[in-house]
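As you go down the protein sequences, you meet chains A and B in turn.
Converting from the first sequence to our numbering requires adding 27 to each position, the first position being numbered 1.
Converting from the second sequence to our numbering requires adding 27 to each position, the first position being numbered 1.
Inspection log for the structure reproduced underneath, given as C-alpha cells.
Protein chains: 2
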Amino acid sequence: MKLLYAEDERSLSEAVVDILTFHKYTVDAVFDGQDALDYAEMGDYDAIILDIMMPKKNGLEVLQALRAKGIQTPVLLLTAKSEIEDRITGLDLGADDYLPKPFAMGELLARIRAMLRRRESFTPNLLTLGNLSLNQQSYELTVGGKSELLPKLEYQILELLLLNKGIFLSTEDILVKVWGYDTDADVGVVWVYLSYLRKRLAGLGADVQIKAKRGIGYTLEVQP
Amino acid sequence: MKLLYAEDERSLSEAVVDILTFHKYTVDAVFDGQDALDYAEMGDYDAIILDIMMPKKNGLEVLQALRAKGIQTPVLLLTAKSEIEDRITGLDLGADDYLPKPFAMGELLARIRAMLRRRESFTPNLLTLGNLSLNQQSYELTVGGKSELLPKLEYQILELLLLNKGIFLSTEDILVKVWGYDTDADVGVVWVYLSYLRKRLAGLGADVQIKAKRGIGYTLEVQP
DNA sequence: TCCGGGATTTAATGTTATATTAAGGTAAAG
DNA sequence: CTTTACCTTAATATAACATTAAATCCCGGA
Chain A
28 MKLLYAEDER SLSEAVVDIL TFHKYTVDAV FDGQDALDYA EMGDYDAIIL
78 DIMMPKKNGL EVLQALRAKG IQTPVLLLTA KSEIEDRITG LDLGADDYLP
128 KPFAMGELLA RIRAMLRRRE SFTPNLLTLG NLSLNQQSYE LTVGGKSELL
178 PKLEYQILEL LLLNKGIFLS TEDILVKVWG YDTDADVGVV WVYLSYLRKR
228 LAGLGADVQI KAKRGIGYTL EVQP
Chain B
28 MKLLYAEDER SLSEAVVDIL TFHKYTVDAV FDGQDALDYA EMGDYDAIIL
78 DIMMPKKNGL EVLQALRAKG IQTPVLLLTA KSEIEDRITG LDLGADDYLP
128 KPFAMGELLA RIRAMLRRRE SFTPNLLTLG NLSLNQQSYE LTVGGKSELL
178 PKLEYQILEL LLLNKGIFLS TEDILVKVWG YDTDADVGVV WVYLSYLRKR
228 LAGLGADVQI KAKRGIGYTL EVQP
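Here you go:
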C-alpha cells in the first residue's frame, strides 16, 4: 500500500513516516502543498494524507485541485484547527475522512485502514487480448491510452468473441447469441457489425483482428 | 469485522456470504429469526443484516427483541416488499438502515461500510464524486459552497448513481430500485427525473454529468 | 374541512444514436 | 470463370432518449 503524506512540520512528519513504514506502508513524504499536488498527480497512491496548514498551497486547495482533475484517490485531512468550518469544507470538497490534531497514532492508522477498506470494492471486470481491453461494466473499449464507448451491438459481438478466444463462431452463432434465438434478422447485419468493429479496432490501433474463415466463422487473432 | 447475516433463501445467502467473505468480513449465516436472535445475543457482531421475511420470527420482531434487550449493534434490514410501511416500522424500531430487494452487492457493501463507519466515528455519511457531495442523512446535495435539499426521488436516483460509479444503470434498473419492482409507473418518469437532476447539477455548477448510453443506461461522469 | 404548494406523474413533442435495409463490391473455392 | 460467401458503404427507419408543460396527487396548515 502506497501513501502520500503531506505535512510541513518536519519532526512530526519524520515520526509519522517511521510508524507508517513500520506498519508496512510505503510512504512518500512531502512538505508543502505544491509538492503534494505534483506527487499526487504522478504516482498512483492508494491514499493521501493532507495537512491543512501548509506552505504554498493549503490542504484544502490541494484537495480541490485533485478532485477537479478527476483524481479520486481517498484523502484524509489533518488539521490543527478543530473548527467545524474546515471540516465541513473539507468533506464538501471530497475528502474521505478528517482527523483533528493532535491525534494518536492508533487513530491515524485506524482511519487509514478504514479509508482503504472503503475503496477496495471496485473491481473492474476486464476482458483483454493483445493490447485491447473491454470493460464489461462501462462498455469501454481501451487500446493504448484511447478509449471508446461501444454501442450495444458492437459491444455484445466483441464480448462474445473475447469470451470465445480461439474458437470460430459462425454468423449464425453470433446472430443467435446477440439478436436472440427467434430473431428474423438477416445474417447480413452481422457482417455489417463485424465491419464496424474492424474499422473501430483499426482506428484505435489495436493489434487484434477479426479473422474470417470461409464457411466456418470468425475469431480474434493477435498480430505479431 | 464480524457480521451476522440472517436470510432464509439459501442460494442468496450463500452468494452474499461468499462476497462478504471476499471483502474480508467474518460472516455468520443463520436462516431463521430465532437463530438470528440467539446468535445476536451471544456473539458480539459489528453489524447485523436481517431479512424481514423469515421463518419463526421475522426481521422486525428480531430487531425489536434486540433493542428491548439493550443490544445496540447496528442493524441493516432487507426486504422484498418495497412498501414504505416496513421502512418506517423498521427505522422506528431502531434499524440503522434499510435496503429493498433486489439489491446490487455494491449497494449492500456500501451500506454496511456506511453503518460501520457511522458507529466508529461521527463522520457524516457522504457520497462524493468530482466537486459534488451528497449527504445521505440530510438529503443535501452540495457543490462548491452551495447546498440544496433534494426531493426524495431525485435524491434516490442520485444516490443510486453514486453507489454505482462506473456502472451503467438502465431505466428499468432505476425504476425497479427507486419505484419498486412492482410499480406500474412508466420509464418516462425516470427520464423526467434525470432531466430534473441534470438541470440541478448544471445550476449548481457541478463538474459531474449524467451520461446516457443508448440501449445501455446511465452513469455519472466527471468533466475534465 | 378545504386550500395551497410542492412533489410526482402524465402527456405531448422534439431529437438523435444506432439498428436495419439495400445495394454494389471483392475474393476464395471449385 | 463462375459461384457464393463475405465485406463495405450509404441511406433510411425506429425506438430510445430529452425536455417542457400541464395535470394530478398529497400533505400540512388554517
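Beta carbons: idealized from backbone N, C-alpha and C, even for Gly.
Residue burial classification, residue i (beta-carbon count within 10 angstroms, cutoff 16)
i: I243 of chain A; result: exposed
i: I115 of chain B; result: Low confidence applies to I115 of chain B: its pLDDT is 48, below 50, so where it sits in the model is not reliable, and the reading given next is rough at best. Result: exposed.
i: V249 of chain A; result: exposed
i: E252 of chain B; result: Here chain B covers residues 28 to 251 and nothing more, so residue 252 of chain B does not appear.
i: Y208 of chain A; result: exposed
i: E34 of chain B; result: buried
i: G60 of chain A; result: buried
i: N152 of chain A; result: exposed
i: Q164 of chain B; result: exposed
i: P82 of chain B; result: exposed
i: V170 of chain A; result: buried
i: D113 of chain B; result: Interpretation of D113 of chain B is limited by its pLDDT of 48, a score under 50 that renders its predicted location unreliable; no figure is taken from the coordinates.
i: K84 of chain A; result: buried
i: P127 of chain B; result: buried
i: R94 of chain A; result: buried
i: R140 of chain B; result: buried
i: A233 of chain B; result: buried
i: G70 of chain A; result: exposed
i: G215 of chain A; result: exposed
i: R138 of chain B; result: buried
i: V219 of chain A; result: exposed
i: D124 of chain A; result: buried
Residues sharing a beta bridge with residue i, DSSP
i: L156 of chain A; result: A:L159
i: Y208 of chain A; result: Bridge partners of Y208 of chain A: none, in fact.
i: G244 of chain B; result: B:K240
Per-residue DSSP class, three states only, for residue i
i: E41 of chain A; result: helix
i: Q250 of chain A; result: coil
i: E167 of chain A; result: strand
i: T106 of chain A; result: strand
i: I139 of chain A; result: helix
i: G172 of chain A; result: coil
i: G133 of chain B; result: helix
i: I46 of chain B; result: helix
i: G193 of chain A; result: coil
Segment limits, beta strand (DSSP E) that includes residue i
i: D335 of chain A; result: Not covered by the structure: residue 335 of chain A. The range shown for chain A is 28 to 251.
i: Y27 of chain A; result: This structure gives no information on residue 27 of chain A, because the portion of chain A shown stretches from 28 to 251.
i: I184 of chain A; result: Per DSSP, I184 of chain A belongs to no beta strand (DSSP E); it is in the alpha helix (DSSP H), 179–190.
i: D124 of chain B; result: 124–127
i: Q236 of chain A; result: 235–240
i: K29 of chain A; result: 29–33
i: D78 of chain B; result: 74–78
Integer-rounded CB distance, given that residue j should sit under 8 Å from residue i
i: I75 of chain B; j: T100 of chain B; result: 5 Å
i: V102 of chain B; j: A63 of chain B; result: Incorrect: roughly 10 Å between the Cβ atoms, too far for contact.
i: I194 of chain B; j: L224 of chain B; result: That belief does not hold up - the Cβ atoms of I194 of chain B and L224 of chain B are roughly 17 Å apart, past 8 Å.
i: L156 of chain A; j: L189 of chain A; result: 6 Å
i: L228 of chain A; j: K192 of chain A; result: The Cβ separation is near 15 Å, so there is no contact.
i: L221 of chain A; j: V205 of chain A; result: Not quite, the Cβ-Cβ distance comes to about 11 Å (not below 8 Å), so this is no contact.
i: L176 of chain B; j: Y166 of chain B; result: 6 Å
i: D73 of chain B; j: L143 of chain B; result: 6 Å
i: E186 of chain B; j: L161 of chain B; result: 6 Å
i: I79 of chain A; j: M132 of chain A; result: The Cβ separation is near 19 Å, so there is no contact.
i: F58 of chain A; j: S40 of chain A; result: 7 Å
Segment limits, alpha helix (DSSP H) that includes residue i
i: V89 of chain B; result: 86–95
i: D55 of chain B; result: Per DSSP, D55 of chain B belongs to no alpha helix (DSSP H); it is in the beta strand (DSSP E), 53–57.
i: E68 of chain A; result: 60–69
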